[in-house]
Amino acid sequence: MGQRKRVDIAILCCLTLITFAIPWAVKSSFYIHILIMSAINAVLAIGLNLCMGFIGEKSLGHAAFYGIGAYTTAVLSVHFGLSGPLNLLAALFVTLVCALIIGIPSLRLRGPYFAIVTLGFVLILQLLVLNGGAFTGGPMGLPGIKRLTLPNILTGRPFTLSTDIQYYYAAVVCFWLAMIVSIVSINSRVGRAWLAIRENLDLAESVGISAFRYKLAAFLMGAGLAGLAGALYTHYTAFVSPRIVDTWINVLLAAMVIVGGEGTLLGPVVGAVVLTALPEALRFAEGYRMLLFGVILLIVIMFAPQGIVGLAADFAKRRRRG
Amino acid sequence: MQLLLQSIVNGFVDGFGYVLMAVGLTLVFGIGRVINFAHGELYTLGAFLAVLFIGHQFPYFSTVFIAPILVGLLGIVIERFIIRRVKKPGLSIWAPFLATLALLVILQSLYLIIFGPDPQIVENPYAYDSINMGFLTITGQDLIVSILFFVVVFCLTWFIRKTRYGMAMRAVSQDRDTSLLMGIDIDTIYTLTWFLGVFLAALAGVLVTPKSTVDPYIGRMPLLKGLSIVIVGGLGSVEGAVVTGICLGLIESLASIYISPSFKDGWGYLLVILVLLFRPRGLLGRTVRRG
Chain A
3 MGQRKRVDIA ILCCLTLITF AIPWAVKSSF YIHILIMSAI NAVLAIGLNL
53 CMGFIGEKSL GHAAFYGIGA YTTAVLSVHF GLSGPLNLLA ALFVTLVCAL
103 IIGIPSLRLR GPYFAIVTLG FVLILQLLVL NGGAFTGGPM GLPGIKRLTL
153 PNILTGRPFT LSTDIQYYYA AVVCFWLAMI VSIVSINSRV GRAWLAIREN
203 LDLAESVGIS AFRYKLAAFL MGAGLAGLAG ALYTHYTAFV SPRIVDTWIN
253 VLLAAMVIVG GEGTLLGPVV GAVVLTALPE ALRFAEGYRM LLFGVILLIV
303 IMFAPQGIVG LAADFAKRRR RG
Chain B
895 MQLLLQSIVN GFVDGFGYVL MAVGLTLVFG IGRVINFAHG ELYTLGAFLA
945 VLFIGHQFPY FSTVFIAPIL VGLLGIVIER FIIRRVKKPG LSIWAPFLAT
995 LALLVILQSL YLIIFGPDPQ IVENPYAYDS INMGFLTITG QDLIVSILFF
1045 VVVFCLTWFI RKTRYGMAMR AVSQDRDTSL LMGIDIDTIY TLTWFLGVFL
1095 AALAGVLVTP KSTVDPYIGR MPLLKGLSIV IVGGLGSVEG AVVTGICLGL
1145 IESLASIYIS PSFKDGWGYL LVILVLLFRP RGLLGRTVRR G
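Below is the structure:
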């Protein structure tokens, strides 16, 4: 265990350096865009992994919280002219309230029931957004969202994030926030309770763990992170459309967690980066792009169903044994 | 009054289409333990084959049978070469689910490459005939859907209840390991189940799409509605799927006239959420064993 922990810390240190140093190495704005999207997707995948990997309940409704965060920010910005940190807090608050409303009934269900019910909430949200008229912009979406303005602690003057590099750093801060939430909770009493629930729910309850409360905690943490990611995304693209709550995004998020390796710390990060970059890397194939994407996904599932990180861990274990 | 009757008839016909989707899904889940997310794409494939066959002067009635059988054969290929490989013990029970997700992407992009993104029409000689009963109009297509629906559901119920294979299917859905010990060839049962489930999806595609158009993305809504019906009816319960599917068709049809047409596709999931709050096993569901 000691050696594993040291390896983990080494990986995390490298990751910190890489995430903060990338803008010096990468100058192309296209790559920066992909990196920002990777970071935002990683935040979503980390949040989803808390529920999927550590509690073992597969939520297919994670994009709902992303969408709620994004639309809260968009509505506040377009209709009320807000663009400051209040937007982020409001997105977080509204997402958490919605997560409570969705989580309390649906977390009583298990397995496929939970998966499909959470998928249903996304569908309902999408219909609400599509039929929201001028308030949500309907099928056309809401354009003209203000850029994020943060108070500068040093000078006291407000400071607007305008360049891609600034949004990259904002996304990285958000990413590390998600990582810290994930690391701290996994290594605490809460994380141990989650694992107990995942391995055997009935046994966990019989030793006095309130499974429902811990499940709700994971669900809320994941939802809050997704809400923040949604708010950041909206400020970054200055536009939000109902595509953000498409059922396809949920499916892609679940794929990120599983392809990366569910129930591992780095799995969702690896999955998010790979599945965000892959469709872009396949652009050379033009019309055959999504076909190739599907085939690659299928091959990974068929030959490495424990995910990329799971595969790497297996490989390392086998080498250590000799 | 006329509006009410007409919307009830329309609701029934819509419901029949949903039932065909949901029964296929519930069979594959109840027996194969896989939520098939590619189910909607197989529905689409049925519709595209119908466009192709009828375009080549095939009679409609032979198309209705040949297209679903061909898609059913594809279902067998999927089960044998993909699902069976990812269903190894020790792997996550979600691996087959993710494999069907990858299939969804693959099939959808294949349709886009082969058939193009433009909506196409299933030419159907009976679509324009209608029976007018003064206060009520039933189109020829609705009549065909209704008759075939009853024939198919009757045959399926007979097959599951009375034949040896049907009995074996029920046994496997109850307890896989004991069935194996009783000498049931489980692999054959899985293959058969996938054939039947996929056949029904494609049949729904062939029957429902003459009322609208066919493009590579039509499979999504039938899949989502099928899933909601399967959940409300109880996962793995064929009777539950039949009852719930028809109810959903009726609710949608009536609600879109008397409440709001724009929320039509949301009623299914609203129903799911309400039912599961009060009866977490579905309306007619039995307790499903975990794992």
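Listed in order, the protein sequences are those of chains A and B.
Sequential numbering from 3 applies to the first sequence in the working numbering.
Sequential numbering from 895 applies to the second sequence in the working numbering.
Glycine included, C-beta positions come from ideal geometry on N, C-alpha and C.
In the DSSP assignment, the residues bridged to S1024/B are T1033/B. For L111/A, no alpha helix (DSSP H) segment is defined, and its DSSP state is neither H nor E. Under the DSSP definition of a beta bridge, Q1014/B partners with V1108/B. Under the Cβ criterion (8 Å, minimum of three pairs), the stretch 69-77 of chain A counts as touching the stretch 95-107 of chain A. Under the Cβ criterion (8 Å, minimum of three pairs), the stretch 1133-1149 of chain B counts as touching the stretch 908-927 of chain B. The contact set of A47/A on chain B, defined by CB atoms closer than 8 Å, is empty, because the minimum CB distance reaches about 14 Å.
Closest in C-alpha terms to G1010/B, from the list F942/B, L921/B, D1036/B and V1016/B, comes F942/B. DSSP places L156/A outside both helix and strand once states are collapsed to three, so it counts as coil. In terms of beta-carbon proximity, I1007/B lines the interface with chain A, with at least one pair separated by less than 8 Å.
Listed in chain order, the alpha helix (DSSP H) runs fully inside the stretch 230-302 of chain A are 249-262 and 269-283, counting runs of at least 4 residues. Residues of the same chain with a CB within less than 6 Å of the CB of L84/A, apart from the 5 flanking positions on each side, are L78 in chain order. A Cβ of chain B is located within less than 8 Å of the beta carbon of P307/A. Remark: C-beta atoms of A173/A and I38/A approach each other more closely than 8 Å. When secondary structure is reduced to three states using DSSP, F56/A falls in the coil class, being assigned neither helix nor strand.
Counting only runs that start and end inside the stretch 1035-1097 of chain B, the alpha helix (DSSP H) elements of at least 4 residues fall at 1058-1068 and 1070-1075. Your pair V28/A and V1166/B does not check out as a contact, with CB atoms roughly 45 Å apart and the cut at 8 Å. The stretch 148-168 of chain A and the stretch 1144-1155 of chain B do not touch, with fewer than 3 CB-CB distances between them shorter than 8 Å. The C-beta of G71/A comes no closer than 8 Å to any C-beta of chain B. Residues of the same chain with a CB within less than 6 Å of the CB of S243/A, apart from the 5 flanking positions on each side, are G143 in chain order. Closest option to G1028/B, judged by alpha-carbon separation, among W1161/B, F1172/B and L899/B: L899/B. Taking the beta carbon of L1164/B as reference, the chain A residues within 9 Å of it are G122 and I126, listed in sequence order. Sixteen is the threshold: when 16 or more other Cβ atoms of the shown chains lie within 10 Å of the Cβ of Y1163/B, as they do, the residue is buried.
Restricting attention to W1161/B, L946/B, F955/B and L1129/B, the CA atom closest to the CA of I929/B is found in L1129/B.
Judged by DSSP in its simplified three-state form, F95/A adopts helix. Residues of chain B with a Cβ closer than 7 Å to the Cβ of I303/A are, in chain order, V980, A989, L992, A993 and A996.
Excluding sequence positions up to five before and after L967/B, its CB lies within less than 8 Å of the CB of F1089, all in the same chain and listed in chain order. Taken atom to atom, the span from the alpha-carbon of V1046/B to that of G1099/B is near 14 Å. Under the Cβ criterion (8 Å, minimum of three pairs), the stretch 1059-1072 of chain B does not count as touching the stretch 954-963 of chain B. Cβ contact annotation for L1030/B (same chain, cutoff 8 Å, sequence separation greater than five): Q896, L899, Q900 and V903, in chain order. Counting only runs of 4 or more residues that sit fully inside the stretch 895-974 of chain B, the alpha helix (DSSP H) segments are 896-926, 933-949 and 954-972, in chain order. Distance from the CA of V907/B to the CA of S1040/B, rounded to the nearest whole angstrom, comes to 6 Å. Q1068/B and F241/A have their C-alpha atoms spaced approximately 50 Å apart.
Within the same chain, Cβ atoms closer than 8 Å to the Cβ of L280/A are found at F295 and I298, the five residues on either side in sequence being excluded. Counting only Cβ-Cβ distances below 9 Å, M292/A has contacts in chain B at V999, I1000, Q1002, S1003 and L1006, in chain order. No Cβ-Cβ contact shorter than 8 Å links E1133/B with G905/B.
In the displayed model, L144/A falls within a strand according to three-state DSSP.
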